[in-house]
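Colleague: One structure is given below, represented as structure tokens, and several questions about it will come after.
Number of protein chains: 2
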Amino acid sequence: MPVFLFELEEYVNSYFKDPYSELKTLFRYHLGLEDASSKQGKHIRPLLTLMSCAGTGSDWQKAIPAAVSIELIHHFSLIHDDIEDNGLLRRGKDAVWVKWGLPQGLNAGDAMFASAFRKLIDLKKNVSDSITLDAVELLSDTCQRLTQGQYLDIDFENRPVVSVKEYLSMVRGKTAALISCSTKMGALIGGYIQEEQCKYEDFGEALGVAFQIYDDWLGIWGDHEVTGKSVTSDIVDGKKSLPILLGLEKSSQFASRFAQGEIAQNEAIIMAKWLQEDGIEKSVTDIYTSWTEKAFLALEKMSCAVGVKTALEELANKLLIRKK
Amino acid sequence: MPVFLFELEEYVNSYFKDPYSELKTLFRYHLGLEDASSKQGKHIRPLLTLMSCAGTGSDWQKAIPAAVSIELIHHFSLIHDDIEDNGLLRRGKDAVWVKWGLPQGLNAGDAMFASAFRKLIDLKKNVSDSITLDAVELLSDTCQRLTQGQYLDIDFENRPVVSVKEYLSMVRGKTAALISCSTKMGALIGGYIQEEQCKYEDFGEALGVAFQIYDDWLGIWGDHEVTGKSVTSDIVDGKKSLPILLGLEKSSQFASRFAQGEIAQNEAIIMAKWLQEDGIEKSVTDIYTSWTEKAFLALEKMSCAVGVKTALEELANKLLIRKK
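What follows is the structure, given as structure tokens:
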């Protein structure tokens, strides 16, 4: 993604005008643009936008402003997430709010949010004003969904019971909204009509939900060498992930121990086994499978250049079957 | 402003779709839409937008979506400000983050930020796509300036010395950016060319800076029955307002006591007198006067329907000469 990364860095470097503000430094730090060794994440969302635009047969470079914008929205949400979840580390280094304090961290997230909308307007150089406005509408609707999902995620922490329906509503907002925005955005910029855009959106939506469920699975049964987290960490953290909320509903041994709080690593390993014995892991895998099937079915239905469709299939496979 | 308020409330009530999210409640609480007795603020910014649009001779109702959007941006910034400044109360009741916790407060601000951009797109029903896009660009540039100003405001707290130049840079971002956006937005929607829009912007900019300097003056010498704060409260709070940073630079008795920290109310009264003796109050008043003159001069230069110009002059007088 050298063109995308070049654009992102150029934009961040030229964005700030005030000589007294150091916000650029905070942006560069969080985005991993400080030096060649910084970790930058996988850029899945901008990749999906550029590929989706290419899938329509249009020049993918037209979608670069949108790809940059979507990546910035993703990162704004991470900066604020870290504050909301009290997350101290992000990609192995101090979170922005830890390094610069909560007020500056919060404000840097706001600044990044604003920068994303500003970048999106550059689309008008490549497509019509009408499509550019549709893109702004799509992005702001996506941010609405993101914040609704985030509301639920925070709310779940203090609730004893969360239904699968509520969980899916949360995941659709928190994770799937921006991924489906990425694919739909590409189709929109490529000039596809609403009906075709929705097929790209459906693919992104199902991909996003499946991705999150898989992540939840990894949070308990994943190989820590791959995930970078300790195995069973979601049980130790008391996170309301899908296996855990199903466990609370359907495994009485799991539920009664979980309710007592303060779970050590060695206990979490036993509790993860209870979830398997009581059929929870199978339920999670079944739900996961149904969403991956939805994703590949949606991909199948998309009007998409053959080579691009194959590439999207490969990307989806890479995302969804990381280790199992 | 009954039409504006009706639109704002209608928008907030219809905005959220997710059945599980309670964000609407947080919005209504913060915006004072809960019941008739709730305080809602003065709606200065949307008023300026609607009046500026009327000033061009165009139908002011065209600008309603922008007025709603700007008011939402103002309130998003207040929600986040309260977290950043550790402000517990907002208009006499608990701040959102105090009532719902920091994570939900932060997220509600993000949601309001997104809702503002979504609302702005409704402009396209009233004006061309090109003007609507210019409005989105203006709003996102304004948010850039807002967050730069906020960066400086937070930064100043931990710095021993702040220059007047830096202070003005902060105020232009934190206060004047959204006020100048309000006036420029009205001119833009009214169909004025760039050159004329800039005159409206200049008026809002000077009005905003003067407004903030006056607020700083009130924070030390104001009548607490008018401001609702205790007199000299900025000295007690150790805030880097204009009189204080000038005092730090030019009044040695003030500076040496200020540096020791922990200032009681009765001491603050003495320190406020030192600022007067050492000519600081005069300097503040002089700077204030030069900005009010700039504002009225800019207003003079604006191509603006006579009745509206008189109304804008009255509003400016009300804002700037509240008590002196």
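Residue numbers (this note's numbering), protein chains in the order written: chain A, 12 to 335; chain B, 12 to 335. C-beta: ideal position from N, C-alpha, C; glycine also. As the structure is a prediction and not an experimental result, all values here were calculated from the model.
Taking Cβ-Cβ distances shorter than 7 Å, what residues in chain A pair up with B:Val54?
Modeller: Counting from 1 along the second sequence, the entry for residue 54 of chain B is found at position 43. It is worth fixing the name first, because residue 54 of chain B is His in this sequence and not Val. Result: empty, since nearest Cβ-Cβ is about 22 Å, beyond 7 Å.
Colleague: Do we get a CB-CB distance below 7 Å when we pair B:Leu163 with the residues of chain A?
Modeller: To locate residue 163 of chain B, count along the second sequence from 1; it is residue 152. Interface annotation, B:Leu163: in contact with chain A, CB-CB separation under 7 Å.
Colleague: Using a beta-carbon distance below 7 Å, is A:Tyr338 in contact with chain B?
Modeller: In the structure as shown, chain A starts at 12 and stops at 335, and residue 338 of chain A therefore has no counterpart that could be examined.
Colleague: Restricting to Cα atoms, I'd like to know which of B:Val79, B:His54, B:Lys73 and B:Trp71 is closest to B:Glu21.
Modeller: The residue you call residue 21 of chain B lines up with position 10 of the second sequence. When each option's Cα is compared against that of B:Glu21, the closest is B:Val79.
Colleague: Are the C-beta of B:Ile190 and some C-beta of chain A separated by less than 7 Å?
Modeller: For the purposes of this step, residue 190 of chain B is taken as the residue at position 179 of the second sequence. Not an interface residue.
Colleague: DSSP state of A:Leu37, grouped into three classes?
Modeller: The residue you call residue 37 of chain A lines up with position 26 of the first sequence. A:Leu37 falls in the helix class under three-state DSSP.
Colleague: Would you call the CB atoms of A:Ala125 and B:Gln155 closer than 7 Å?
Modeller: Reading the first sequence from its first residue, position 114 is the one you call residue 125 of chain A. Reading the second sequence from its first residue, position 144 is the one you call residue 155 of chain B. Yes. Within cutoff.
Colleague: Helix, strand or coil for B:Asp234? Go by DSSP, reduced to three states.
Modeller: As a first step, residue 234 of chain B is located in the second sequence; it is residue number 223 there, counting from the start. Coil at B:Asp234, not helix or strand.
Colleague: For A:Tyr40, verify whether its CB is less than 6 Å away from any heavy atom of the ligand MN.
Modeller: Questions concerning the ligand MN fall outside what the structure shown contains, since it holds no ligand whatsoever.
Colleague: Please work out which residues of its chain come closer than 8 Å, Cβ to Cβ, to A:Trp111, disregarding the five sequence neighbours upstream and downstream, and give them in chain order.
Modeller: Position 100 of the first sequence, counted from the start, is the residue given in the question as residue 111 of chain A. So the list reads Leu37 and Ala119, once near-sequence residues are dropped.
Colleague: For B:Lys334 and B:Phe128, what's the separation of their Cα atoms in angstroms?
Modeller: The residue labelled residue 334 of chain B in the question sits at position 323 within the second sequence. The residue labelled residue 128 of chain B in the question sits at position 117 within the second sequence. Residue confidence is low: B:Lys334 scores 42 on pLDDT, short of 50, so the model does not pin down where it sits. No coordinate-derived value is stated.
Colleague: Does the beta carbon of A:Val147 sit closer than 7 Å to a beta carbon anywhere in chain B?
Modeller: Counted from its first residue, the first sequence places residue 147 of chain A at position 136. Chain B, which has a Cβ nearer than 7 Å to the Cβ of A:Val147, makes this yes.
Colleague: Check the Cβ of B:Leu117 against every Cβ in chain A and list those closer than 7 Å, keeping chain order.
Modeller: What you label residue 117 of chain B is simply residue 106 of the second sequence in a count that begins at 1. By Cβ distance, chain A contributes His91, Ile94, Glu95 and Leu117.
Colleague: Beta-carbon within less than 8 Å of A:Pro13's beta-carbon, same chain only, minus the 5 sequence neighbours each way: which residues are those?
Modeller: Translated into positions along the first sequence, residue 13 of chain A becomes position 2. Closer than 8 Å at Cβ, skipping near neighbours: no residue.
Colleague: Distance, Cα to Cα, B:Asp105 vs B:Asp92?
Modeller: One-based indexing of the second sequence puts residue 105 of chain B at position 94. One-based indexing of the second sequence puts residue 92 of chain B at position 81. About 14 Å.
Colleague: Anyone know if the C-beta pair for A:Pro76 and A:Lys35 falls short of 7 Å?
Modeller: Here the question's residue 76 of chain A lines up with position 65 in the first sequence. Here the question's residue 35 of chain A lines up with position 24 in the first sequence. Result no, Cβ atoms of A:Pro76 and A:Lys35 do not sit closer than 7 Å.
Colleague: Taking only beta-carbon atoms, is A:Ala74 less than 7 Å away from chain B?
Modeller: The sequence position of residue 74 of chain A within the first sequence is 63, counting from 1. By this cut-off, A:Ala74 is not an interface position.
Colleague: Pull up the distance between the alpha-carbon of B:Ser10 and that of B:Asp248, whole angstroms please.
Modeller: Residue numbering for chain B in the displayed model covers 12 to 335; residue 10 of chain B lies beyond these limits and cannot be assessed.
Colleague: How would you label A:Ala275, buried or exposed, when you count the other beta carbons within 10 angstroms and need 16 or more for buried?
Modeller: Here residue 275 of chain A refers to the residue found at position 264 of the first sequence. Per the 10 Å Cβ criterion, exposed.
Colleague: I need the DSSP call for A:Leu42, collapsed to helix, strand or coil.
Modeller: Locating residue 42 of chain A in the first sequence gives position 31, counting from the first residue. In the displayed model, A:Leu42 falls within coil according to three-state DSSP, outside both helix and strand.
Colleague: Alpha carbon to alpha carbon, how far is A:Met313 from A:Glu207? Give it in angstroms, no decimals.
Modeller: Sequence index remark: in the first sequence, residue 207 of chain A carries index 196 (1-based). Sequence index remark: in the first sequence, residue 313 of chain A carries index 302 (1-based). A:Met313 has its alpha-carbon roughly 7 Å from the corresponding atom of A:Glu207.
Colleague: Quick one: does A:Ala125 have its CB under 7 Å from some CB of chain B?
Modeller: In the first sequence, residue 125 of chain A corresponds to position 114, counting from 1. It does: the Cβ of A:Ala125 has a partner Cβ on chain B nearer than 7 Å.
Colleague: Does any CB atom of chain B fall closer than 7 Å to the CB of A:Gln264?
Modeller: Along the first sequence, read from residue 1 onward, the residue named residue 264 of chain A stands at position 253. Not closer than 7 Å to any Cβ of chain B, the Cβ of A:Gln264 fails to qualify, so no.
Colleague: What do you get for B:Leu308, buried or exposed, if any count of 16 or more other CB atoms within 10 angstroms of its CB means buried?
Modeller: Your numbering for residue 308 of chain B matches position 297 in the second sequence. By the Cβ-count criterion, B:Leu308 is exposed, with fewer than 16 other Cβ atoms from all chains shown falling within 10 Å of its own Cβ.
Colleague: Which residues does DSSP pair with A:Leu100 in a beta bridge?
Modeller: Taking the first residue of the first sequence as 1, we reach residue 100 of chain A at position 89. For A:Leu100, which the question treats as bridged, DSSP gives the partners A:Asp105.
Colleague: At which residue ranges does the segment 105-153 of chain A contain complete beta strand (DSSP E) runs of 3 or more residues, listed in the order of the chain?
Modeller: none
Colleague: Between B:Thr300 and B:Leu331, how many whole angstroms is the CB-CB distance? I'm expecting something under 8 Å.
Modeller: Against the second sequence, residue 300 of chain B aligns to sequence position 289. Against the second sequence, residue 331 of chain B aligns to sequence position 320. So it is not a contact: roughly 10 Å between Cβ atoms.
Colleague: Tell me the DSSP secondary structure of B:Gly219 in three-state form.
Modeller: Locating residue 219 of chain B in the second sequence gives position 208, where the first residue counts as 1. It is helical.
Colleague: From which residue to which residue does the alpha helix (DSSP H) around A:Gly318 run?
Modeller: As a first step, residue 318 of chain A is located in the first sequence; it is residue number 307 there, counting from the start. For A:Gly318, the uninterrupted alpha helix (DSSP H) run begins and ends at Val317 to Leu331, by DSSP.
Colleague: Pick out whichever of A:Leu149, A:Glu177 and A:Gly43 has its Cα sitting closest to the Cα of A:Ser193.
Modeller: One-based indexing of the first sequence puts residue 193 of chain A at position 182. Answer by Cα proximity: A:Leu149.
Colleague: Are the Cβ atoms of B:Ser191 and B:Glu177 separated by less than 7 Å?
Modeller: Position 180 of the second sequence holds residue 191 of chain B. Position 166 of the second sequence holds residue 177 of chain B. In this structure, B:Glu177 does not lie closer than 7 Å to B:Ser191 by Cβ.
Colleague: Can B:Glu95 and A:Leu157 be called in contact, C-beta distance under 7 Å?
Modeller: Reading the second sequence from its first residue, position 84 is the one you call residue 95 of chain B. Reading the first sequence from its first residue, position 146 is the one you call residue 157 of chain A. Contact flag unset, no.
Colleague: Hey, how far is the Cα of A:Val23 from the Cα of A:Ile291?
Modeller: Residue numbering aside, residue 23 of chain A sits at position 12 when the first sequence is read from its first letter. Residue numbering aside, residue 291 of chain A sits at position 280 when the first sequence is read from its first letter. If I take the Cα positions, the gap works out to 45 Å.
Colleague: Would you check if the segment 216-228 of chain A and the segment 132-146 of chain A touch, i.e. whether three or more CB-CB distances between them fall below 8 Å?
Modeller: Cβ pair count under 8 Å is below three, so no.
Colleague: With respect to the alpha helix (DSSP H) encompassing A:Asn277, which residues constitute its N-terminal and C-terminal limits?
Modeller: Position 266 of the first sequence holds residue 277 of chain A. Taken as a continuous stretch (DSSP letters only), the alpha helix (DSSP H) holding A:Asn277 covers Gln276 to Glu288.
Colleague: Compute the Euclidean distance between the alpha carbons of B:Glu278 and B:Asp145, then round it to the nearest angstrom.
Modeller: The sequence position of residue 278 of chain B within the second sequence is 267, counting from 1. The sequence position of residue 145 of chain B within the second sequence is 134, counting from 1. Rounded to the nearest angstrom, the two C-alpha atoms are 51 Å apart.
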